[in-house]
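Residue numbers (our numbering), protein chains in the order written: chain A, 301 to 606; chain B, 301 to 606; chain C, 301 to 606; chain D, 301 to 606; chain E, 301 to 606.
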């Protein structure tokens with residue numbers, strides 16, 4: 301059964317109440333989170349939005365908002381600039397502004413990755429007040445092992461303490477990367493360390509890449525170390541690049557029921573489909589994550605006749 | 301037909317009103333922007349203002365203000381220092397202070413480009429209040445792919461959230477550049493990524509260099525990816541180095557009507573002409589951008605007898 | 301006999317009162333400190349919590365809190381994120397938030413060590429007020445000899461002046477490290493220098509690695525220089541990697557009674573045991589540190605029948 | 301005829317009034333500025349104050365104040381530390397604190413030049429209020445082309461916007477320098493670019509090194525480009541190393557009447573003379589700069605019997 | 301005869317009064333300063349406090365406070381951490397907190413020296429208010445010629461402007477050092493430059509290393525250039541490593557009466573002696589510095605029977 305998290309300590313009664321409301325809203329009262337990840341327009345520039353098997357719908361950023369609005373996602377994570385531009389037309393969606401982002405132009409071989417905070421928490425607070433949107437939390441990426449790790453840990457720790465004071469959740473994207481990490485980016489033990497690090501920072505949820513076994517395949521049992529290491533911080537897995545729906549849902553189910561994760565963060569697998577397909581795919585994810593259904597039940601929701 | 305933008309979310313009713321007024325003023329109620337770019341005295345030092353075919357008028361910075369004052373430009377973008385020195389005599393011009401600038405002395409081969417914010421937004425606000433000038437927004441250049449990208453993205457994101465709170469628009473100059481970009485600076489797909497990045501930052505307009513095809517020529521159809529990727533952030537193309545008027549206007553018309561851009565940012569092509577020619581040239585640009593006229597109609601405005 | 305410290309100068313009467321209460325609480329009125337160190341989930345990621353002879357209990361961060369709650373530790377030092385997440389269920393434990401932490405991914409050969417402050421002292425103060433927890437002080441690690449030494453000394457000095465103003469103690473982890481230190485990390489004279497440096501920063505307690513003699517073994521007499529150099533700042537030794545209980549307790553007794561230290565900081569030797577063993581082990585440590593008992597008396601407490 | 305500058309925009313009526321008073325005071329109602337430059341005790345350490353043909357008077361910093369007090373200089377530019385130490389005895393002198401300075405110890409071959417702001421503008425404001433001195437403005441040096449250019453441009457731009465708000469003028473020392481500039485430091489076109497850059501920053505006056513022709517000699521006609529590029533920002537030339545008086549005054553006259561500069565900044569040529577000679581030399585400079593006299597008239601003032 | 305300094309300009313009447321009181325206290329109404337330097341526990345770690353001919357008393361930091369309390373020193377300069385820990389028992393001593401310090405672990409060959417400010421001036425002010433100690437000023441070390449010179453000059457300049465506003469004196473330790481300085485660290489002309497630089501920063505006193513002649517020996521006549529260059533900023537010489545008393549006092553007398561210095565800063569030569577010897581030695585120094593006595597008179601005070 302999913303764990304229901306308690307609000308972290310250190311905030312006023314009012315903030316605790318708002319945090320709890322946001323937690324219930326984004327986990328849809330299930331304790332599990334279906335985060336729709338839409339930060340790739342910075343992280344991968346336009347590579348994820350055009351070409352190959354990507355639906356033509358995806359060329360327009362509004363595609364992301366249409367999906368998030370009509371599909372049962374727990375929150376839609378993207379950059380503040382887009383939220384401020386489209387939020388007025390999609391005001392029912394729970395939003396999670398991603399506070400730092402970088403492009404992928406500089407390879408690790410040239411320089412270790414670094415991604416700095418964009419908006420201040422004061423700016424986020426003012427935005428929430430003036431926009432009236434359902435902003436349920438904030439997101440931030442750390443790269444443990446990067447030479448710029450100290451700056452990112454410091455920024456993350458500070459905003460994570462400010463977030464609950466504003467009633468907001470904090471989600472950490474934790475990706476070991478850099479010259480010192482080398483090819484170990486998806487090593488189960490290292491990823492477990494990153495998950496524990498996020499817990500020490502105070503994240504409510506930590507998004508990790510699912511670890512791979514020595515054959516390079518995902519294996520739900522490998523997630524156990526990370527889930528344990530994260531303790532009361534809840535683990536969600538990144539979806540990765542586009543995958544066939546049955547395989548994706550099977551992996552997701554295994555992550556949750558074998559690995560013990562508390563949800564998922566899915567981006568390209570959702571928005572690279574056309575709008576109707578994407579919405580159906582979200583419904584299937586939602587069935588597994590929030591309604592605790594089986595893969596077979598979820599797969600039925602993919603049919604256009606549903 | 302041009303798109304009419306909505307004010308971004310996250311500001312008070314009063315700021316929204318002021319933003320809307322500024323948007324209407326600078327787009328001349330057309331939804332399209334004719335930005336006169338005059339930041340080259342820092343970006344290129346005196347190279348653009350003397351020698352060769354440059355009109356002798358251009359040696360004096362006041363030339364820029366005379367043109368901007370008498371020609372139907374949507375706004376004149378230049379550094380605060382010049383605005384503070386000439387604005388009292390050209391108080392009807394809509395101004396867009398360019399908040400960061402760098403010289404071109406250091407080649408990319410020596411070090412990746414970096415341009416830092418000059419004035420704080422508080423200083424801009426105080427200037428607007430005391431000067432009484434029509435300051436309609438602020439501008440900032442980012443270099444995606446530079447090793448200094450994180451600092452520039454952070455500065456840009458913060459000022460873009462402060463700008464609407466003061467009723468100001470934000471225009472981002474987005475130029476992929478640096479060791480990691482190499483010769484791909486005008487690649488259509490990379491430029492589309494940069495346009496989408498500016499949208500994620502929250503820019504109202506993004507100024508890009510028009511992409512070139514494999515033969516090194518501009519091709520309006522290549523702009524479509526960037527215009528789509530930018531979504532509700534509107535794309536304007538930089539004018540580039542001095543070009544013959546018919547070719548320039550033809551390209552501009554193609555950018556708008558084939559590529560789907562919402563205006564242009566023109567600098568050297570305007571101010572390197574003498575004052576009467578520059579003003580006539582602006583009228584021709586204005587005809588295409590704001591009045592949606594044909595190239596032939598615009599060309600007629602270039603005649604000294606007009 | 302243990303020294304009883306006086307509150308440092310420079311705070312209000314109320315803060316002095318609170319500092320003294322915290323000092324008495326954490327030293328259990330003995331003047332000696334048994335600090336349970338639990339910052340390894342960042343410093344060593346998951347390496348200390350799984351595998352080999354590590355008890356399976358240790359995979360879950362709550363293990364640390366269970367031990368700290370039931371064992372007679374003077375304080376439990378860990379990152380704020382964990383305290384905020386578990387403190388509501390373990391509210392009797394005296395806590396010492398560790399304010400900076402880094403991973404061990406980057407070897408010194410790649411770059412000198414640097415660990416930056418995570419939360420601001422204002423955030424700590426707000427946390428204390430809202431949480432109601434017994435936060436008795438703050439911790440910070442310095443690496444004398446690192447190329448980043450200046451930044452860490454500056455951060456440490458500032459927070460150490462802020463801590464007593466909030467009634468909090470300050471504990472400095474002082475580890476000479478970096479290219480310039482090389483293999484001298486556990487040289488007695490250099491460690492004495494580091495202890496004196498911590499005194500100059502104003503630390504109440506300084507945690508050092510016990511110096512080794514030329515044969516690579518601990519020798520309590522080597523501690524004398526550090527204890528003298530630290531003056532009124534009290535020296536506690538790090539416990540190091542897991543060791544057999546008799547040897548550990550013998551060394552601890554020697555550190556205190558030969559070396560003149562005022563306590564110990566123990567982490568892996570405690571939490572890598574299962575819960576009952578860990579609690580018994582803490583009782584043995586407590587007997588030596590706080591009750592001034594002999595090694596034999598302490599060893600008796602390790603029996604499961606106690 | 302000299303140009304009389306208008307106050308820049310963006311300040312309150314009271315600040316505008318104070319700026320105008322300061323401008324009239326320092327230009328002695330002439331619109332031209334005779335700036336006595338005395339920042340070399342940092343920029344060149346003691347090299348300019350002892351040895352060779354330097355008058356022994358110059359070993360004592362008070363020499364600078366004695367000259368500035370008794371000679372008709374428009375302002376005396378030096379570091380705040382000296383002004384605070386001698387100002388009480390020389391309270392009639394108009395002062396211009398030089399806000400950044402560096403030594404010349406590090407050659408450009410080792411590292412590009414960088415000079416950071418010393419005092420904050422708030423500290424300057426407090427000093428002015430408490431001291432009662434006639435502080436008419438502030439000075440700052442930029443090195444276009446240095447790898448540290450971005451930081452210096454940002455500092456300069458910010459203090460230049462703060463200065464008029466306090467009624468103070470801003471003088472920029474603009475010296476292209478660095479690996480990317482190489483031997484072009486006194487190239488006329490590059491210096492014109494630097495003058496234009498200072499105008500874009502908002503400087504009231506820009507101090508440049510007079511450009512040299514291909515034979516390495518000063519040529520007043522080469523100044524025209526810089527004077528034009530600076531627009532309403534007024535150009536003054538640095539005096540350079542000690543020169544014979546007739547040659548110096550001839551060059552100054554040529555800079556003003558051929559090159560169009562609005563004054564001069566003279567340091568070593570003044571203070572390396574003994575006090576009576578220095579004062580007479582200043583009177584000669586003053587005659588040319590402020591009273592618009594000929595070189596012959598100015599030379600007469602050098603006679604000890606005058 | 302000693303010069304009596306005036307308070308620098310730029311502070312309120314009350315602050316001026318407090319500065320004057322502090323100046324009289326620390327110079328013992330003589331205009332000359334006997335600064336007891338005790339910052340070596342950071343600068344040299346434990347190297348100066350143990351071994352060789354160092355008295356065993358020196359192993360304990362309290363030794364410094366005992367001497368400073370019982371000997372007629374003008375002020376005792378050390379780090380804030382020690383002052384806060386021992387000041388309650390030695391409350392009559394005038395203190396000068398040294399605001400920056402670094403260890404000597406990193407050789408200049410590895411990296412140029414850099415020492416950053418530890419406490420903010422606000423923290424110093426709060427400490428003074430709460431502690432009630434006689435804090436008469438603050439100290440800061442600059443390394444002209446280091447690649448980190450700009451940061452240190454900026455920090456120094458800012459705190460020197462804040463110090464008098466709090467009634468505090470400012471003492472600058474000025475040591476040319478770094479790759480660009482090489483072996484010229486004790487060159488008379490370069491040291492004179494450093495003294496003049498400290499004057500430009502606004503130091504009340506500047507501590508320099510006495511210059512050496514080409515034979516590597518101290519020569520009082522070489523100090524003249526520095527004393528002149530410093531102007532109203534008063535020069536005191538560092539004492540250097542331990543020396544025989546007669547030679548030390550002879551050199552000190554020469555520095556004052558030949559070189560024109562206004563006191564001395566003595567550390568190791570004092571505290572490396574046992575307490576009675578150290579106090580007698582201080583009395584001898586005091587006789588020369590404050591009472592203007594001869595070396596012979598001073599030497600008599602070294603006798604245990606005095």
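By construction, the Cβ of each residue, glycine as well, lies at the ideal position given by its N, Cα and C atoms.
Item, Value
"Beta carbon of residue 490 (chain C) nearer than 8 Å to that of residue 456 (chain C)", "no"
"Between the CA atoms of residue 354 (chain C) and residue 325 (chain A) - distance to the nearest angstrom", "39 Å"
"Proximity winner among E:445, E:426, E:433 and E:417, relative to residue 408 (chain E) (alpha-carbon distances)", "E:445"
"Chain D within 8 Å of residue 421 (chain E), Cβ atoms only", "no"
"Whole-angstrom distance between residue 428 (chain C) and residue 327 (chain E), CA atom to CA atom", "45 Å"
"Per-residue contacts from residue 403 (chain D) into chain E (C-beta, under 8 Å)", "444, 445, 449, 493 and 497"
"Supposed contact pair residue 496 (chain B) and residue 346 (chain A) - C-beta distance, whole angstroms, cut 8 Å", "6 Å"
"Of the residues B:528, B:529 and B:509, the one placed nearest residue 551 (chain B), counting alpha carbons only", "B:509"
"Range of the contiguous beta strand (DSSP E) that encloses residue 406 (chain C)", "No beta strand (DSSP E) contains residue 406 (chain C), which DSSP labels as neither H nor E."
"Distance between residue 305 (chain A) and residue 386 (chain C) (C-alpha atoms, nearest Å)", "11 Å"
"Short CB-CB distance (under 8 Å) between residue 418 (chain D) and chain E", "yes"
"Local conformation of residue 309 (chain B) per DSSP, three classes", "coil"
"Neighbourhood of residue 340 (chain D) by C-beta, 7 Å cutoff - its chain only, sequence neighbours within 5 removed", "348, 567 and 568"
"Cβ-Cβ distance between residue 507 (chain D) and residue 528 (chain D) below 8 Å", "no"
"Whole-Å CB distance - residue 522 (chain C) paired with residue 513 (chain C), under 8 Å assumed", "6 Å"
"Residue 478 (chain C): contacting residues in chain A (beta-carbon distance under 9 Å)", "Per Cβ cutoff of 9 Å: no residues; residue 478 (chain C) is ~15 Å from chain A at best."
"Backbone secondary structure at residue 440 (chain D) - three-state DSSP", "strand"
"Stretch-stretch touch, CB-based, cutoff 8 Å, three pairs: the stretch 596 to 604 of chain C with the stretch 413 to 428 of chain B", "no"
"Residue-chain proximity (residue 537 (chain B), chain A), Cβ-Cβ < 8 Å", "no"
"Close Cβ partners of residue 314 (chain D) (< 8 Å) along its chain, the five nearest in sequence each way excluded", "467"
"Sheet register partners of residue 493 (chain E) (DSSP bridge)", "Partner(s): none; residue 493 (chain E) has no beta bridge."
"Under 7 Å by beta carbon: chain D residues contacting residue 306 (chain E)", "388"
"Closest Cα partner of residue 472 (chain E) within the set E:450, E:494 and E:441", "E:441"
"Buried versus exposed call for residue 321 (chain E) [16 or more other C-beta atoms within 10 Å across all chains shown]", "exposed"
"Residue 481 (chain A) Cβ short of 7 Å to the ligand HEM heavy atom set", "Questions concerning the ligand HEM fall outside what the structure shown contains, since it holds no ligand whatsoever."
"N- and C-terminal bounds of the alpha helix (DSSP H) containing residue 460 (chain B)", "449 to 465"
"Where residue 387 (chain A) sits in the DSSP three-state scheme", "helix"
"Identity of the residues DSSP links to residue 400 (chain C) by a beta bridge", "C:417"
"Partners in chain B for residue 533 (chain D), counting only beta-carbon separations shorter than 8 Å", "381 and 385"
"CA-to-CA distance, residue 344 (chain D) to residue 337 (chain E), given in whole angstroms", "30 Å"
"Cβ-based neighbour list, residue 534 (chain B), same chain, cut-off 6 Å, excluding 5 preceding and 5 following", "505 and 562"
"Beta-carbon contacts of residue 459 (chain C) that lie in its chain and below 8 Å, excluding the five residues immediately before and after", "399, 417, 421, 438, 440 and 470"
"Same chain only: Cβ atoms within 8 Å of residue 576 (chain E), ignoring 5 sequence neighbours per side", "604"
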